[in-house]
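Protein chains in written order, with this note's numbering: chain A, 1 to 335; chain B, 336 to 681; chain C, 682 to 988.
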Amino acid sequence: MADTKPIAPDAFAPAQVAETAKEQIAAPNLTFSQDALRRLKQNKAAVISFWLLVLIFAAALLSLVVTPHDPNAQNLNYTYLPPKWGNLHVPFFDGYQNGIDMYAHNQVPKGTYFLLGTDYLGRDLLSRILVGTRISLFIGVIATLFDLVIGVGYGIISGWNGGWVDTLMQRVIEIISSVPNLVVVILMLLVFKPGLTSIIVAIAVTSWITMARLIRAQTLKLKDQEFVLAARTLGESSVKIAVKHLVPNLSSTIIIQTMFTIPTAIFFEAFLSYIGIGLPAPTASLGTLLNDGQKALQTQPYLLIYPAIVIVVLMLAFNLLADGLRDAFDPKSAH
Amino acid sequence: MEEILAVKDLAIDFATYAGVVHAIRHVDFHLNKGETLAIVGESGSGKSVTMRTVMGLLANNASVVSGTVQLAGEDVLAKSEKALNEMRGNEVAMIFQDPMTSLDPTMPIGKQVAEPLLLHTKTTKAEALKEAVRVLTLVGITDAQSRLKDYPHQFSGGQRQRIVIAIAIINHPQVLIADEPTTALDVTVQAQIISLLKAIQKKIDTAIIFITHDLGVVAGIADRVAVMYAGKIVEYGTVDEIFYNPMHPYTWGLLEAMPTLSTVRQRLFAIPGTPPDLLNPPQGDAFAPRNPYAMKIDQEQEPPFFPVSKTHAAATWLLHPDAPAVEPPEEIKRRKQLWAQKEAKR
Amino acid sequence: MTEALVKVRHLVQTFNAGKKDEVRALQDLSFEIYKGETLGLVGESGSGKTTTGRALIRLYRPTSGEIVFAGQDIAQLKNGTPQMLAFRRQTQMIFQDPYASLNPRMKVKDIIAEGLDIHHLVHSSQERDARVAALLAEVGLNRDHASRYPHEFSGGQRQRIGIARALAVQPQFIIADEPISALDVSIQAQVVNLLKDIQAKKGLTYLFIAHDLSMVKYISDRIAVMHNGRLVELASADEVYNHPLHPYTQSLLSAIPEPDPDRERQREPLVYDASMAESGERQLVEVFPEHYVLATAAEVATYREAH
Chain A
1 MADTKPIAPD AFAPAQVAET AKEQIAAPNL TFSQDALRRL KQNKAAVISF
51 WLLVLIFAAA LLSLVVTPHD PNAQNLNYTY LPPKWGNLHV PFFDGYQNGI
101 DMYAHNQVPK GTYFLLGTDY LGRDLLSRIL VGTRISLFIG VIATLFDLVI
151 GVGYGIISGW NGGWVDTLMQ RVIEIISSVP NLVVVILMLL VFKPGLTSII
201 VAIAVTSWIT MARLIRAQTL KLKDQEFVLA ARTLGESSVK IAVKHLVPNL
251 SSTIIIQTMF TIPTAIFFEA FLSYIGIGLP APTASLGTLL NDGQKALQTQ
301 PYLLIYPAIV IVVLMLAFNL LADGLRDAFD PKSAH
Chain B
336 MEEILAVKDL AIDFATYAGV VHAIRHVDFH LNKGETLAIV GESGSGKSVT
386 MRTVMGLLAN NASVVSGTVQ LAGEDVLAKS EKALNEMRGN EVAMIFQDPM
436 TSLDPTMPIG KQVAEPLLLH TKTTKAEALK EAVRVLTLVG ITDAQSRLKD
486 YPHQFSGGQR QRIVIAIAII NHPQVLIADE PTTALDVTVQ AQIISLLKAI
536 QKKIDTAIIF ITHDLGVVAG IADRVAVMYA GKIVEYGTVD EIFYNPMHPY
586 TWGLLEAMPT LSTVRQRLFA IPGTPPDLLN PPQGDAFAPR NPYAMKIDQE
636 QEPPFFPVSK THAAATWLLH PDAPAVEPPE EIKRRKQLWA QKEAKR
Chain C
682 MTEALVKVRH LVQTFNAGKK DEVRALQDLS FEIYKGETLG LVGESGSGKT
732 TTGRALIRLY RPTSGEIVFA GQDIAQLKNG TPQMLAFRRQ TQMIFQDPYA
782 SLNPRMKVKD IIAEGLDIHH LVHSSQERDA RVAALLAEVG LNRDHASRYP
832 HEFSGGQRQR IGIARALAVQ PQFIIADEPI SALDVSIQAQ VVNLLKDIQA
882 KKGLTYLFIA HDLSMVKYIS DRIAVMHNGR LVELASADEV YNHPLHPYTQ
932 SLLSAIPEPD PDRERQREPL VYDASMAESG ERQLVEVFPE HYVLATAAEV
982 ATYREAH
């Protein structure tokens, strides 16, 4: 190798090295969550899912204040009106069915439109979907609360204490999880009236099991980590160790599992309502809408299709976001 | 001597979110048939990445910027994935650091040892198992025949590393890459594994690349040594040249930082600071910020290799004819005296 | 004679006692650690050296035996009692794995200040920041590092953060559990020098657990060798290296690799036959002054005779 540059006469004099230059860190100061967020942003499916969910949440919340029509108002003159988007004459959304303008046929006043049509009692489908989505999301949020409060707490206590406490708590979990959810709901129906309460109680009893098991397994792993041992040798109490060391390191598991709990709960409610032991009429939920829509499937397919699209989008979005979050929080486990 | 492996001007970059990491910065070395080359360096010096390149096992975000890797006359970097699979476990085999994770816990060891034979040669299962028993006996597993059906967890750490070695050598590879094979083991077991590697090398005539950060181990096994720092080789030579006549201040630092049983010193010499961040390597010699002998030129220009002997060269400006003579540390002076005595004898 | 800070008497640690998977990790351990000294504890993996450290710092509750620390038996203290909290301040640990020993979700500042918060050693956030900055300086780090997260540091830097965390509560006694075995050679020396400097400055007592015998010899005043949960030899560092008596110590010494090709070529490792320990009653006997060996009466006589 030949020297490329001419060598200056003083080149071999001792160099001055700044003391501070020795321990510099060049990489930008990223926290763990910033780093995870960066990875999440690279996942297009997860980002789209996130914004879809934001949109759905916003629409559902908006329905508390205002809906296009009263979701429970019946008008027998307006039964089975097909979707109509103003006077735009978009195919399938122009109010025609079998070549007949149903709006004219039913003498609907000008300026009254039902964007997604009406059901057999003349109720506006769009308003009912918005309200139904809200109830589904509400059930999802309730399930999350139980996950966080019971599941996380139960898992940490069981894993941290170990010994007979752990054994006892795990036996309890096994007993609970051996009873099918459906049986629990039917038992609840003996006590409560069919409705939101019995569904919520059923979820409260069963939904947190998976979370508790995951958190216990993680806690068992974490409690032998040296930073937890270090906290113990410093004299930190168990409660403080849980709050300062365990929960932050469990947060990714918690978030990811929540993202799987929500759609499961939504689906559970839809399933119960669909088979008729869920929410009673006239309350709208995605399950009851599907149940209603299925009855008129041959003539008014839109009554089934639109609620179905909403529930499919919700499920997909939650699952894709959960996958994205898992990959972002735990890059090693990806694929 | 015949060259079996030649790495020329190899440069490898990794793309990360923070920028491009120049992990390997123009590395040249070769390996002769039947010899042991030790590559010494700290974590992050690029020794493992270099070996992954030789095995064709680079990560997805790595890119080869320049260079060639010739194994037995063939260019490894140009090989297809299929050709690489053909090569791995056959012409080149690797022994990893952790014997706990490099064996499949759900497969009996006989099957694991015989697998490379079944993959790369047309051997029947019965023959392959027979060969597995032979190789397991060779690496010192007693009563191998009856232990073929045992699972990895039924063996101790040292025995597991022996099994890993058996898997690596069953196809008589021309090159055996051992990536810190003794770091996870106890000293007594480490000594056994090293003498085992030496014995096997004699028996099957393979060339070994021994990657380690522990100079003590190197002295016992290597014929030649290459010292890596910050993605470059900074000094290479025969084992005696590196241990008794080192030239690069980094090699000095490494030798000085190790306490030996015989030397009593008040204070250990510690190379100050930490290795440079290869996101933006410093201008000039990457070791300059930690080098007590640094000169102005070190901060401006990367030193080329200055030959010391036919087999020995170091990349430090201290060897430039215009550079001032420096006083090496005590420990190095002691070693150089031994070197002078050896020279005189010759 | 120097005063003993820690006296271990007949310490026994058994895990899963009475069950099928019973492990007798420590069997009848007795030794003393003198004030201001460094006692090196060596042995291979599974010898019980880490268990000893964790029992002494009361991460485990010993099955039986006494651990007298500064005149008080702490072996059976309960967590949360004032005596235990006081003991926690006086004894600290430095851990092996610089990657696992710092909570990845906490800033360096909060990691170091954890002990300060627990023992209410600071009363305002300015005081806390100032203490953290002083501790960082003490271990050779920059005060700007306080607001960063552990993953941004190299192994050696993390280990220094761990040392700063231990020093925060001003302990008398530090148990270093293989503090350098996960570090590169050039960094090992930094950490060892740092530990020595701190000891000299603060008069600390160390229990230095390691499997790297050359480093242990360098840092320790006395060395204890463990094998299968028992102490097999205990003497001054030079004595252990120059006149090892127990065959296990001899085999350990013969296996240490040295950075010297000529010596390596001549080296012949001795193999220790563990079955020899199964015959006969063995006790830790003071064969020569301050030199203890686990041996039968007959062996003691041979050792003395050979001298």
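Glycine included, each C-beta is placed from N, C-alpha and C at the ideal position. Since the structure is predicted, the reported quantities are computational estimates derived from the model, not experimental observations.
For the region 112-122 of chain A and the region 33-48 of chain A, state whether three or more C-beta atom pairs, one from each stretch, are separated by less than 8 Å.
no
C-alpha gap between L182/A and G195/A, whole angstroms
Translated into the one-based positions of the first sequence, residue 182/A becomes position 182. Translated into the one-based positions of the first sequence, residue 195/A becomes position 195. The alpha-carbon atoms of L182/A and G195/A are separated by roughly 14 Å.
Are A879/C and R846/C touching if we call contact CB-CB under 7 Å?
Walking along the third sequence from the start, residue 879/C turns up at place 198. Walking along the third sequence from the start, residue 846/C turns up at place 165. Inspection of the sequence shows that residue 879/C is occupied by Ile rather than by Ala. No, Cβ-Cβ distance for I879/C and R846/C is not below 7 Å.
Measuring straight from C-alpha to C-alpha, what distance separates L340/B and E370/B?
The sequence position of residue 340/B within the second sequence is 5, counting from 1. The sequence position of residue 370/B within the second sequence is 35, counting from 1. When rounded, the distance between both Cα atoms is 11 Å.
On the DSSP bridge assignment, give the partners of Q964/C in chain order.
Within the third sequence, the letter at position 283 stands for residue 964/C. DSSP, once it has assigned bridges, lists A976/C as partnering Q964/C.
Counting only the same chain and skipping the five closest in sequence on each side, list residues whose C-beta sits under 7 Å from that of T258/A.
Position 258 of the first sequence, counted from the first residue, corresponds to residue 258/A. For T258/A, where only same-chain residues beyond five positions count, the Cβ hits under 7 Å are T144 and D147.
First through last residue of the beta strand (DSSP E) which encompasses D798/C
Here residue 798/C corresponds to residue number 117 of the third sequence, with the count starting at 1. Per DSSP, D798/C belongs to no beta strand (DSSP E); it is in the alpha helix (DSSP H), V789 to I799.
If you count every other CB in all the chains shown that lies within 10 Å of the CB of M1/A, and 16 or more means buried, which is it?
Here the question's residue 1/A lines up with position 1 in the first sequence. For M1/A, the pLDDT reaches just 42, beneath the cut-off of 50, and the residue's location in the model is therefore unreliable, although a value from the coordinates is still provided. Flag for M1/A reads exposed.
Can you tell me whether L406/B is helix, strand or coil according to DSSP?
The sequence position of residue 406/B within the second sequence is 71, counting from 1. Note: L406/B maps to strand in three-state DSSP.
Kindly indicate which three-state DSSP category E421/B falls into: helix, strand or coil?
Residue 421/B sits at position 86 when you count from the first residue of the second sequence. Correct three-state label for E421/B: helix.
Cβ shell of K626/C (< 7 Å), same chain only, five flanking positions each side left out
Here chain C comprises residues numbered 682 to 988, so residue 626/C is not present and cannot be evaluated.
Supposed close pair W164/A, K223/A - CB separation, criterion 8 Å:
Taking the first residue of the first sequence as position 1, residue 164/A is located at position 164. Taking the first residue of the first sequence as position 1, residue 223/A is located at position 223. Going by Cβ atoms, the distance from W164/A to K223/A rounds to 17 Å, so no, they are not a contact pair.
Taking C-beta pairs closer than 7 Å, name the residues in chain A that I632/B reaches, listed in chain order.
Sequence index remark: in the second sequence, residue 632/B carries index 297 (1-based). Near I632/B (Cβ distances below 7 Å), the residues of chain A are I7, A11 and F12.
Between D902/C and L885/C, what straight-line distance do the alpha-carbon atoms span, to the nearest angstrom?
Residue mapping note: residue 902/C aligns to position 221 of the third sequence, counting from 1. Residue mapping note: residue 885/C aligns to position 204 of the third sequence, counting from 1. Looking at the two C-alpha atoms, the distance is approximately 13 Å.
Quick one: any contact between the region 89-96 of chain A and the region 67-74 of chain A, if contact means 3 or more CB pairs under 8 Å?
no
In the DSSP assignment, the alpha helix (DSSP H) including F38/A goes from what residue to what residue?
Locating residue 38/A in the first sequence gives position 38, where the first residue counts as 1. Per the sequence shown, the amino acid found at residue 38/A is Arg instead of Phe. That run of the alpha helix (DSSP H) goes F32 to K41.
Helix or strand or just coil, what does DSSP make of D521/B?
Here residue 521/B corresponds to residue number 186 of the second sequence, with the count starting at 1. In this structure, D521/B counts as coil in the three-state DSSP scheme.
Quick check on A15/A - is its C-beta less than 7 Å from some C-beta in chain B?
Start at 1 with the first residue of the first sequence, and residue 15/A comes out as number 15. It does: the Cβ of A15/A has a partner Cβ on chain B nearer than 7 Å.
So, using beta-carbon positions, are P942/C and D558/B closer together than 7 Å?
For the purposes of this step, residue 942/C is taken as the residue at position 261 of the third sequence. For the purposes of this step, residue 558/B is taken as the residue at position 223 of the second sequence. No. Outside cutoff.
Relative to the C-alpha of I937/C, which candidate in Q405/B, L520/B, A449/B and G475/B has its C-alpha closest?
For the purposes of this step, residue 937/C is taken as residue 256 along the third sequence, with counting starting at 1. Ranking the options by Cα distance to I937/C, first place goes to L520/B.
Looking at L864/C: is its Cβ nearer than 7 Å to the Cβ of R841/C?
Working through the third sequence from its first residue, we reach residue 864/C at position 183. Working through the third sequence from its first residue, we reach residue 841/C at position 160. It is not a contact, given that the beta carbons lie outside the stated cut-off.
For the beta strand (DSSP E) holding Y564/B, just list the boundary residues, first then last.
Working through the second sequence from its first residue, we reach residue 564/B at position 229. Note, Y564/B: beta strand (DSSP E), R559 to Y564.
Cβ of A394/B less than 7 Å from any chain A Cβ?
In the second sequence, the residue the question calls residue 394/B occupies position 59. Not closer than 7 Å to any Cβ of chain A, the Cβ of A394/B fails to qualify, so no.
Run down chain A in chain order and give the residues with a C-beta less than 7 Å from the C-beta of E819/C.
One-based indexing of the third sequence puts residue 819/C at position 138. Those within 7 Å of E819/C in chain A number zero; the least Cβ separation is about 14 Å.
Is there a Cβ from chain A that is less than 7 Å from the Cβ of D657/B?
Here residue 657/B refers to the residue found at position 322 of the second sequence. So yes, D657/B belongs to the interface.
Going by beta carbon distance, what residues of the same chain come within less than 7 Å of K623/B, once the five residues before and after it are set aside?
Reading the second sequence from its first residue, position 288 is the one you call residue 623/B. The residue you asked about is not Lys; residue 623/B is Ala in the sequence shown. Excluding positions up to five away in sequence, the list reads P617, A629, D633 and Q634.
Can you tell me which of V342/B, F349/B, E377/B and T456/B puts its alpha carbon nearest to the alpha carbon of A407/B?
Looking up residue 407/B in the second sequence gives position 72. The shortest Cα separation from A407/B among V342/B, F349/B, E377/B and T456/B belongs to V342/B.
Test: Y953/C CB closer than 7 Å to a CB of chain A:
Within the third sequence, the letter at position 272 stands for residue 953/C. Not closer than 7 Å to any Cβ of chain A, the Cβ of Y953/C fails to qualify, so no.
With DSSP as the reference, label S644/B as helix, strand or coil.
Here residue 644/B refers to the residue found at position 309 of the second sequence. Of the three classes helix, strand and coil, the one that applies to S644/B here is coil, per DSSP.
Unbroken alpha helix (DSSP H) run spanning L589/B, endpoints:
Taking the second sequence and counting its residues from 1, the one referred to as residue 589/B is at position 254. Its alpha helix (DSSP H) spans residues P584 to A592.
Take S63/A and list the residues in its own chain whose beta-carbon comes closer than 6 Å to its own, dropping the five residues that flank it on each side.
Residue numbering aside, residue 63/A sits at position 63 when the first sequence is read from its first letter. For S63/A, where only same-chain residues beyond five positions count, the Cβ hits under 6 Å are L130, V131 and R134.
Distance CB(S745/C)-CB(V693/C) smaller than 7 Å
Taking the first residue of the third sequence as position 1, residue 745/C is located at position 64. Taking the first residue of the third sequence as position 1, residue 693/C is located at position 12. Yes. Within cutoff.
Relative to the alpha-carbon of T930/C, which residue among D954/C, Q757/C, E986/C and Q773/C has its alpha-carbon at the smallest distance?
On the third sequence, position 249 is the one that residue 930/C refers to. Residue D954/C is the option with its Cα nearest to T930/C.
Taking contact to mean 3 or more Cβ pairs, one atom from each stretch, closer than 8 Å, check whether the region 344-358 of chain B and the region 314-334 of chain A are in contact.
no
Hey, quick one: how far does the beta strand (DSSP E) through A358/B stretch, first residue to last?
Residue numbering aside, residue 358/B sits at position 23 when the second sequence is read from its first letter. Note, A358/B: beta strand (DSSP E), G354 to N367.
In the DSSP assignment, the beta strand (DSSP E) including S711/C goes from what residue to what residue?
Residue mapping note: residue 711/C aligns to position 30 of the third sequence, counting from 1. Here the beta strand (DSSP E) through S711/C covers V704 to Y715.
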